[in-house]
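Sequential numbering from 215 applies to the sequence shown in my numbering. Backbone N, C-alpha and C fix where the C-beta goes; we use that ideal spot for every residue, glycine too. Written out below as structure tokens is the structure these notes cover.
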Amino acid sequence: MTANKQPASRPHDAAVVELLKADPDFANEYLAAALDEADEPGGQAALLSALRHVAEAQGMAAVAERAGIPRESLYRALGPKGNPTVKTLLAVLSAAGLHLAVTRQDSAHA
Numbered sequence: 215m216t217a218n219k220q221p222a223s224r225p226h227d228a229a230v231v232e233l234l235k236a237d238p239d240f241a242n243e244y245l246a247a248a249l250d251e252a253d254e255p256g257g258q259a260a261l262l263s264a265l266r267h268v269a270e271a272q273g274m275a276a277v278a279e280r281a282g283i284p285r286e287s288l289y290r291a292l293g294p295k296g297n298p299t300v301k302t303l304l305a306v307l308s309a310a311g312l313h314l315a316v317t318r319q320d321s322a323h324a
């Protein structure tokens with residue numbers, strides 16, 4: 215009996231980066247969803263992870279160069295223990311072709 219081999223599963227992060235490479239417009243929706251949930255438990259880490267995925271999909275070195283940030287600093291800022299400044303966050307978003315948008319919360323959330 216010959217067993218059918220299942221393809222090796224990809225880690226979640228790698229799968230998301232591949233999706234972002236295949237559909238760059240998805241980055242806008244992906245980061246918007248992460249930003250919407252940033253004030254939830256674990257939301258800030260998820261937002262950094264989402265921004266890191268977008269940067270990885272576009273190439274960390276290229277994003278760092280466009281943002282005017284050393285590549286190593288970008289890795290640290292977007293890493294699991296990262297805490298980027300607003301300046302860094304805005305520079306990375308701009309380098310990725312995105313910008314930060316603010317909308318009013320529903321009165322139920324206020």
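- prompt: In terms of residue numbering, what span does the alpha helix (DSSP H) encompassing Thr302 cover?
  reply: 300-309
query: CB-CB under 7 Å to Leu265, same chain, minus the five flanking residues each way: which ones, in chain order?
result: Leu245, Leu292, Val306
Where the alpha helix (DSSP H) through Lys295 begins and ends: Run containing Lys295: none; DSSP gives neither H nor E here.
task: Just mark Tyr302 as buried or exposed, buried being the case when its beta carbon has 16 or more other beta carbons within 10 Å.
output: What sits at residue 302 in the sequence shown is Thr, not Tyr. By the 10 Å Cβ count, Thr302 comes out buried.
- prompt: If you run the structure through DSSP and keep just helix, strand and coil, what is Gln319?
  reply: coil
task: Hey, could you find the ends of the alpha helix (DSSP H) Asp227 is sitting in?
output: 226-236
- prompt: How long is the line joining the alpha carbons of Glu279 and Arg318, rounded to whole angstroms?
  reply: 33 Å
- prompt: With distances taken from CA atoms, which of Pro294, Gln272, Ala259, Leu312 is nearest Leu233?
  reply: Gln272
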